[in-house]
Amino acid sequence: MAVTLDAQKRENLQSSYTKALRQSGEVPSIIYGYQVEPKTVAVNSLELVKTLRDEGKNAIISLQIDGETVDVILHEYQTDPLKDELVHADFYAVNMKEEMDVQVPISLEGEAVGVKEGGVLQQPLYELSVRAKPNDIPEQITIDVSKLSVGDSISVSDLKDGKGYEILEDEATTIVSILVPSAEPEETPTDEEQSEPEVINQKNKE
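Residue numbers (numbering that gives the first Met the number 0): 0 to 205.
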């Protein structure tokens with residue numbers, strides 16, 4: 000089910016007006032995509048951040064613009080690295096009846112047996128490319144790693160397509176593995192341990 004957000008048309012594109020929008024808590028945005036002429040809008044920053052936090056980055060958002068409803072997905076966004084605030088967002092209008100390709104985050108569940116035995120968990124893949132209709136896109140794909148021992152791994156081929164979506168990644172791609180712990184280097188004597196105490200040297204001189 001789509002989340003509803005209000006959006007206001009943004010016709011003044013001057014930098015001073017855009018700056019004022021951000022200061023008032025609005026995010027300058029653009030909408031484009033399926034059966035939509037590109038249009039500039041602004042949405043409430045707090046509401047958008049809350050939606051992303053609660054529903055995930057692939058959430059379907061119904062933008063309400065002057066009585067018109069447009070179903071979109073957040074395609075890209077920019078943040079201010081110093082203030083950690085949203086400064087711009089791109090919304091892509093979707094066809095709710097047509098499949099689309101998206102990246103879905105991977106969530107690991109459980110503590111691997113191999114980690115308890117001293118192994119090191121390595122996760123080279125953090126997102127999966129999947130194909131699904133907008134309403135069938137999962138928020139995340141959860142993988143249970145609790146039974147993995149040292150030397151074990153999980154690849155894309157070990158996963159099954161979920162209800163309503165198809166995984167597009169190469170089946171040979173490794174998602175997570177438990178590596179053998181590296182041997183600790185032998186301790187070497189320090190310079191102080193190798194040299195004789197100064198008192199002995201003094202006695203030898205005498």
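Glycine included, each C-beta is placed from N, C-alpha and C at the ideal position. None of the values given here were measured: they were computed from a predicted structure.
Item: Beta-carbon contacts of valine 93 that lie in its chain and below 8 angstroms, excluding the five residues immediately before and after; Value: Gly32, Tyr33, Ile59, Asp70, Val71, Ile72, Met99 and Pro133
Item: Cβ contact check for the stretch 78-90 and the stretch 137-147: 3 or more pairs under 8 angstroms; Value: no
Item: Neighbourhood of glutamine 63 by C-beta, 8 angstroms cutoff - its chain only, sequence neighbours within 5 removed; Value: Thr3, Leu4, Asp5 and Ala6
Item: Coil, strand or helix - asparagine 43 by DSSP; Value: strand
Item: Three-state secondary structure (DSSP) of valine 22; Value: Reading off the sequence shown, one finds glutamine at residue 22, where the question assumed valine. Three-state result, glutamine 22: helix.
Item: Rounded distance between the beta-carbons of glycine 117 and proline 180, thought under 8 angstroms; Value: 5 angstroms
Item: Delimiting residues of the beta strand (DSSP E) encompassing valine 2; Value: 2-8
Item: Short Cβ contact (8 angstroms threshold) for valine 42 with glutamate 67; Value: no
Item: Buried/exposed call for asparagine 57, threshold 16 Cβ in 10 Å; Value: buried
Item: For proline 196, three-class secondary structure by DSSP; Value: Residue placement at proline 196 is flagged as unreliable, the pLDDT there being 49, under the threshold of 50; a coordinate-derived value is accordingly withheld.
Item: Continuous beta strand (DSSP E) assignments of at least 3 residues falling wholly in the stretch 69-112; Value: 84-92 and 99-108
Item: Cβ-based neighbour list, glutamine 77, same chain, cut-off 7 angstroms, excluding 5 preceding and 5 following; Value: Val86 and His87
Item: Three-state class that DSSP yields for proline 133 in the structure shown; Value: helix
Item: Between the CA atoms of leucine 12 and alanine 171 - distance to the nearest angstrom; Value: 48 angstroms
Item: Collapsed DSSP secondary structure at threonine 50 in the structure displayed; Value: helix
Item: Residues near valine 35 by beta carbon distance below 8 angstroms, same chain, minus five either side; Value: Val69 and Ala92
Item: With 16 other Cβ atoms within 10 Å as the buried cut-off, status of threonine 164; Value: What sits at residue 164 in the sequence shown is tyrosine, not threonine. Buried, by the Cβ-count rule.
Item: Same chain, Cβ closer than 6 angstroms to aspartate 79, neighbours up to 5 away in sequence not counted; Value: Val86
Item: Leucine 178 - partner residues in DSSP beta bridges; Value: Val119
Item: Span of the beta strand (DSSP E), counted from its first residue to its last, around tyrosine 164; Value: 164-166
Item: Coarse secondary structure for glutamine 13, derived from DSSP in three states; Value: coil
Item: Residue from Leu124, Pro37 and Asp160 with nearest C-alpha to alanine 131; Value: Asp160
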